[in-house]
Amino acid sequence: MTHETIASPLLTPARLGTHELANRLVVAPMTRTRAKRDGTPTPLMAEYYAQRATAGAIIAEAATPNAAGQTYPNITALHTDAHTDGWRQVTRAVRAAGGGPMFLQIQHGGRIGHPDTSGLTPMAPSPIPLPDPIHTPSGLQQAVTPREMTPDDIRQTIDDFARTARRAVEAGFAGVEVHSANGYLLHQFLAAGTNRRTDAYGGGIDNRIRFTTEVVAAVAAAIGAERTGLRVSPGKAVNGITETDTDDLYPALIEATGEDLAYLHIAFADPARPLFARLRGLRTGTLIANPVLPAERIPADGGREAAERLLDAGADLIALGRPFLANPDLVDRIRTGAPVNAVRAEYTMYTGGPTGYTDYPTLNPADR
Ligand SMILES: Cc1cc2nc3c(=O)[nH]c(=O)nc-3n(C[C@H](O)[C@H](O)[C@H](O)COP(=O)(O)O)c2cc1C
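Every position in the sequence shown, counted from 1, becomes a number in our numbering once 761 is added.
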């Protein structure tokens, strides 16, 4: 059955920094724990990303900038030559498949980490453990109390983000996304519940935004602001995060990180929240928004309606996670109105191997 073409603003060309995009759909960063044990990307990962090359742009999953920042077993990293070579194979495969620009997300776990995984005691703004159990090589375990970061740890971590950003460009990425969302290290500094510091990095908003601001500035100095993106998730109570001043915190952060970044990426963006309009207004450059889709299952339209609402509210590009996870050819499905694949059982998200990863079916050529 051939589907007709649907005219959607999502399918119009757009710009991201210096890049022309074929459409406004961006693959959201998704950790899939298919790297080697040491964090080196695998040929299977190259295949997975190349399958999704019709997206306007791809933000590759969280990569760790140093050993201490490792969150879970088999997540990716980018701080050795082997990591750089592995990622180069991924960006080459996407380019060979005709893909648009690819950014790499840099993530430090902070208190989300475990000595059994990284060999190190996790570090965080304050010695407050994650309230949830955490994945380790031997299964779920109680989180340990992280050690409070010293001024040297802070300087070193900022340098490591910058070094990893340089490696990302060497590996063929258009740029990087600094991960300041979802309860990982940078978010732990932003949120009052996880940051009880009494030095220049804790206390009032100006101090709590300092670490993210310095990481972004160091990355931008290393590879250029036009290659540097920033991801935030204002008010998202995930991974034990509690924010007390979301509506003041994020405008201050966005003002402090500057106008010239490649993009700002808002995860779980709700166009009905006044904060969304406020952040949009503060930022004249590219805004990527990731809509709030139902947690249980992705909608039958692949998130199209929610995505279009965000474009109406002023977003420039839309990042989708699970719809792209289950539909490598999501762009074709949105173009034709074809039904989307549902995400298969949760356990295939992080189990490793091709099942639930590279084996999601695409449309028959006649249906594209
Ligand atoms: C399997 C999986 C892995 C994810 N890994 C990351 C990640 O590495 N970095 C990140 O910022 N968000 C991560 N997320 C969150 C997604 O980027 C996205 O914000 C979330 O899935 C909501 O979008 P969706 O409803 O389109 O899936 C992940 C989500 C899923 C489902």
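We treat Cβ as the ideally placed atom computed from N, Cα and C, and that holds for glycine. Note that the structure is predicted; figures quoted are calculated from it, not measured.
Please report the Cβ distance between residue i and residue j, rounded to the nearest whole angstrom; I am assuming they are in contact, meaning their Cβ atoms lie under 8 Å.
i	j	result
Val1104	Ala1080	The Cβ separation is near 16 Å, so there is no contact.
Ala854	Tyr810	6 Å
Leu1043	Pro1012	6 Å
Thr837	Pro802	6 Å
Asn943	Val851	Not confirmed; about 22 Å, so no contact.
Thr878	Gln831	6 Å
Leu881	Ala823	Not confirmed; about 18 Å, so no contact.
Tyr1024	Leu782	11 Å between Cβ atoms; not a contact.
Identify the continuous beta strand (DSSP E) that holds residue i and give its terminal residues.
i	result
Tyr1162	Coverage of the chain is limited to positions 762 through 1129, which leaves residue 1162 absent and any answer about it impossible.
Ile820	Ala818 to Thr825
Pro1052	Leu1048 to Pro1052
Met863	Met863 to Ile867
Val788	Leu786 to Val788
Leu1078	Leu1078 to Leu1081
May I ask which residues mark the beginning and end of the alpha helix (DSSP H) holding residue i?
i	result
Thr878	Pro876 to Ser879
Ala904	Unbroken run through Ala904: none, as it is neither H nor E.
Tyr1024	It is not in any alpha helix (DSSP H) - Tyr1024 instead sits in the beta strand (DSSP E) that spans Tyr1024 to Ala1030.
Ala811	Pro804 to Gln812
Gln831	That residue, Gln831, is in no alpha helix (DSSP H); it is neither H nor E in DSSP.
Asp842	Asp842 to Ala857
Tyr1011	Thr1007 to Thr1018
Glu1069	Arg1065 to Asp1073
Thr1109	Premise fails: Thr1109 is in no alpha helix (DSSP H) and is neither H nor E.
Ile984	Arg971 to Ile984
Spell out the partners DSSP gives residue i in its beta bridges.
i	result
Arg992	His940 and His1026
Leu777	His780
Thr837	Ala824
Thr897	Gly900
Met884	Arg908
Is the shortest distance between the beta-carbon of residue i and the beta-carbons of chain C less than 8 Å?
i	result
His1026	Of the protein chains in the structure, only one exists, and it is not chain C.
Environment of ligand 1 in chain order, Cβ to heavy atom below 5 Å: This criterion selects Ala789, Pro790, Met791, Thr792, Glu822, Ala823, Ala1028, Asn1051, Leu1054, Leu1081, Gly1082, Arg1083 and Met1110.
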